[in-house]
(Lines of atoms letter the chains of each structure in order from A; the text may use other names.)
(Lines give C-alpha, C1' and ligand atoms only; values in the text may rest on other atoms or scores of the structure.)
Protein backbone atom coordinates (compact mmCIF):
# COMPACT_ATOMS: atom_id res chain seq x y z
CA UNK A 8 0.00 0.00 0.00
CA UNK A 9 1.40 3.42 -0.94
CA UNK A 10 1.86 6.25 1.52
CA UNK A 11 -0.93 8.25 -0.14
CA UNK A 12 -3.35 5.33 0.21
CA UNK A 13 -2.39 4.87 3.84
CA UNK A 14 -2.91 8.59 4.50
CA UNK A 15 -6.35 8.42 2.86
CA UNK A 16 -7.22 5.40 4.98
CA UNK A 17 -6.08 7.22 8.14
CA UNK A 18 -8.07 10.34 7.21
CA UNK A 19 -11.18 8.24 6.67
CA UNK A 20 -10.71 6.51 10.01
CA UNK A 21 -10.26 9.89 11.71
CA UNK A 22 -13.34 11.35 9.99
CA UNK A 23 -15.36 8.28 11.00
CA UNK A 24 -14.01 8.78 14.53
CA UNK A 25 -12.56 5.26 14.55
CA UNK A 26 -9.30 6.75 15.77
CA UNK A 27 -8.64 9.87 17.82
CA UNK A 28 -6.85 12.96 16.55
CA UNK A 29 -3.82 12.01 18.65
CA UNK A 30 -3.69 8.50 17.17
CA UNK A 31 -4.02 10.01 13.71
CA UNK A 32 -1.12 12.42 14.27
CA UNK A 33 1.06 9.62 15.65
CA UNK A 34 0.31 7.35 12.67
CA UNK A 35 1.06 10.15 10.19
CA UNK A 36 4.37 10.82 11.96
CA UNK A 37 5.25 7.10 11.75
CA UNK A 38 4.44 7.10 8.03
CA UNK A 39 6.67 10.12 7.54
CA UNK A 40 9.52 8.42 9.39
CA UNK A 41 9.12 5.21 7.36
CA UNK A 42 9.05 7.16 4.10
CA UNK A 43 12.16 9.14 5.02
CA UNK A 44 13.97 5.97 6.10
CA UNK A 45 13.09 4.27 2.80
CA UNK A 46 14.42 7.26 0.88
CA UNK A 47 17.68 7.18 2.84
CA UNK A 48 18.08 3.43 2.19
CA UNK A 49 17.39 3.94 -1.51
CA UNK A 50 19.91 6.76 -1.77
CA UNK A 51 22.55 4.81 0.11
CA UNK A 52 22.12 1.91 -2.31
CA UNK A 53 22.47 4.28 -5.25
CA UNK A 54 25.69 5.82 -3.99
CA UNK A 55 27.64 2.75 -2.85
CA UNK A 56 30.37 3.63 -5.37
CA UNK A 57 30.81 7.14 -3.97
CA UNK A 58 32.73 8.46 -1.00
CA UNK A 59 30.35 9.43 1.84
CA UNK A 60 32.04 12.81 2.22
CA UNK A 61 31.31 13.72 -1.40
CA UNK A 62 27.65 12.70 -1.41
CA UNK A 63 25.68 14.05 1.46
CA UNK A 64 22.05 13.10 1.77
CA UNK A 65 19.88 16.11 2.41
CA UNK A 66 16.55 15.39 3.98
CA UNK A 67 13.64 16.88 2.02
CA UNK A 68 12.08 19.92 3.59
CA UNK A 69 9.06 19.08 5.70
CA UNK A 70 7.22 22.08 4.25
CA UNK A 71 7.12 20.51 0.77
CA UNK A 72 5.23 17.55 2.15
CA UNK A 73 2.87 19.76 4.15
CA UNK A 74 2.03 21.86 1.08
CA UNK A 75 1.36 18.72 -0.92
CA UNK A 76 -0.83 17.34 1.86
CA UNK A 77 -2.86 20.56 2.19
CA UNK A 78 -3.94 20.31 -1.43
CA UNK A 79 -5.63 17.01 -0.62
CA UNK A 80 -7.95 18.38 2.07
CA UNK A 81 -11.43 16.95 2.02
CA UNK A 82 -14.34 19.34 1.46
CA UNK A 83 -15.23 19.01 5.14
CA UNK A 84 -11.70 19.95 6.25
CA UNK A 85 -11.62 22.79 3.72
CA UNK A 86 -14.92 24.11 5.09
CA UNK A 87 -13.60 23.94 8.66
CA UNK A 88 -10.42 25.74 7.68
CA UNK A 89 -12.47 28.40 5.86
CA UNK A 90 -14.63 28.95 8.93
CA UNK A 91 -11.58 29.32 11.17
CA UNK A 92 -9.86 31.82 8.86
CA UNK A 93 -13.13 33.75 8.49
CA UNK A 94 -13.31 34.00 12.27
CA UNK A 95 -9.68 35.19 12.45
CA UNK A 96 -10.24 37.70 9.67
CA UNK A 97 -13.17 39.40 11.39
CA UNK A 98 -11.54 39.35 14.83
CA UNK A 99 -8.36 40.81 13.33
CA UNK A 100 -10.26 44.11 13.05
CA UNK A 101 -9.40 44.46 16.75
CA UNK A 102 -5.65 44.35 15.97
CA UNK A 103 -5.74 48.15 15.84
CA UNK A 104 -5.95 48.13 19.64
CA UNK A 105 -2.50 46.51 19.77
CA UNK A 106 -0.71 47.72 16.62
CA UNK A 107 -1.29 51.15 15.07
CA UNK A 108 -3.37 50.66 11.90
CA UNK A 109 -3.36 46.91 12.63
CA UNK A 110 -7.15 46.79 12.39
CA UNK A 111 -6.84 47.92 8.79
CA UNK A 112 -3.69 46.11 7.67
CA UNK A 113 -4.07 42.68 9.32
CA UNK A 114 -7.53 41.84 7.88
CA UNK A 115 -6.38 42.85 4.41
CA UNK A 116 -3.24 40.70 4.69
CA UNK A 117 -5.27 37.67 5.87
CA UNK A 118 -7.80 38.21 3.09
CA UNK A 119 -5.21 38.60 0.33
CA UNK A 120 -3.07 35.64 1.40
CA UNK A 121 -5.90 33.13 1.91
CA UNK A 122 -8.60 34.15 -0.60
CA UNK A 123 -7.30 31.87 -3.39
CA UNK A 124 -6.91 28.90 -1.08
CA UNK A 125 -10.31 29.34 0.59
CA UNK A 126 -12.93 30.76 -1.82
CA UNK A 127 -15.50 31.63 0.86
CA UNK A 128 -12.91 33.77 2.65
CA UNK A 129 -12.91 36.14 -0.32
CA UNK A 130 -16.44 37.30 0.52
CA UNK A 131 -15.58 37.63 4.22
CA UNK A 132 -12.60 39.79 3.28
CA UNK A 133 -14.64 42.01 0.97
CA UNK A 134 -17.25 42.52 3.68
CA UNK A 135 -14.61 43.38 6.28
CA UNK A 136 -12.82 45.83 3.95
CA UNK A 137 -16.15 47.45 3.02
CA UNK A 138 -16.82 47.96 6.74
CA UNK A 139 -13.32 49.35 7.36
CA UNK A 140 -13.68 51.91 4.56
CA UNK A 141 -17.25 52.79 5.57
CA UNK A 142 -16.23 53.16 9.21
CA UNK A 143 -13.39 55.53 8.30
CA UNK A 144 -15.79 57.59 6.17
CA UNK A 145 -18.34 57.74 8.98
CA UNK A 146 -15.57 58.81 11.35
CA UNK A 147 -14.51 61.60 9.00
CA UNK A 148 -18.12 62.80 8.85
CA UNK A 149 -18.65 62.58 12.63
CA UNK A 150 -15.53 64.52 13.64
CA UNK A 151 -16.68 67.89 12.23
CA UNK A 152 -20.19 67.20 13.55
CA UNK A 153 -18.74 66.74 17.04
CA UNK A 154 -18.22 70.51 17.19
CA UNK A 155 -21.98 70.91 16.77
CA UNK A 156 -22.61 68.33 19.54
CA UNK A 157 -24.57 66.08 17.16
CA UNK A 158 -21.37 64.23 16.27
CA UNK A 159 -20.58 63.13 19.83
CA UNK A 160 -23.42 60.57 20.10
CA UNK A 161 -22.64 59.50 16.53
CA UNK A 162 -18.98 58.91 17.46
CA UNK A 163 -20.06 56.85 20.47
CA UNK A 164 -22.45 54.82 18.30
CA UNK A 165 -19.71 54.27 15.72
CA UNK A 166 -17.34 53.07 18.45
CA UNK A 167 -19.93 50.58 19.69
CA UNK A 168 -20.60 49.34 16.15
CA UNK A 169 -16.86 48.89 15.59
CA UNK A 170 -16.87 46.45 18.50
CA UNK A 171 -20.22 44.72 17.94
CA UNK A 172 -20.14 44.20 14.16
CA UNK A 173 -16.81 42.30 13.98
CA UNK A 174 -17.92 40.04 16.83
CA UNK A 175 -21.21 39.21 15.10
CA UNK A 176 -19.38 38.65 11.79
CA UNK A 177 -16.84 36.37 13.52
CA UNK A 178 -19.58 34.28 15.13
CA UNK A 179 -21.40 33.95 11.81
CA UNK A 180 -18.15 33.05 10.02
CA UNK A 181 -17.53 30.34 12.60
CA UNK A 182 -21.02 29.00 11.85
CA UNK A 183 -20.08 28.87 8.16
CA UNK A 184 -22.21 31.82 7.07
CA UNK A 185 -21.15 35.04 5.39
CA UNK A 186 -22.49 38.11 7.20
CA UNK A 187 -22.69 41.47 5.48
CA UNK A 188 -22.03 44.36 7.84
CA UNK A 189 -25.12 46.59 8.07
CA UNK A 190 -24.41 50.24 7.23
CA UNK A 191 -21.37 49.18 5.19
CA UNK A 192 -21.14 50.77 1.76
CA UNK A 193 -20.37 48.20 -0.94
CA UNK A 194 -17.11 49.41 -2.41
CA UNK A 195 -16.06 45.85 -3.23
CA UNK A 196 -18.73 43.47 -4.43
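In the numbering used here, the protein residues as written are 8 to 196. No residue lacks a Cβ here, since even glycine has one placed at the ideal position from N, Cα and C. In this text the structure is predicted, and so the values were computed from the model without any measurement.
Three-state class that DSSP yields for residue i in the structure shown
i	result
residue 80	coil
residue 191	coil
residue 120	helix
residue 107	coil
residue 154	coil
residue 185	coil
residue 23	coil
residue 99	helix
residue 94	helix
residue 14	helix
residue 142	helix
residue 125	coil
Sequence-distant residues of its chain with Cβ nearer than 7 Å to residue i (five each side left out)
i	result
residue 94	177, 180, 181
residue 99	113, 114, 117
residue 10	38, 42
residue 195	133, 136, 137
residue 27	none
Own chain, CB closer than 6 Å to residue i, minus 5 neighbours either side, in chain order
i	result
residue 183	90
residue 102	109, 110, 113
residue 127	89
Own chain, CB closer than 8 Å to residue i, minus 5 neighbours either side, in chain order
i	result
residue 144	192
residue 189	172
residue 165	142, 145, 146, 149
residue 35	14, 17
If we count Cβ pairs, one from each stretch, closer than 8 Å, do we get three or more for the region 109-121 versus the region 129-144?
Three or more beta-carbon pairs separated by less than 8 Å link the region 109-121 to the region 129-144, which places the two stretches in contact.
Can you find at least 3 beta carbon pairs, one from the region 152-164 and one from the region 119-129, that sit closer than 8 Å?
no
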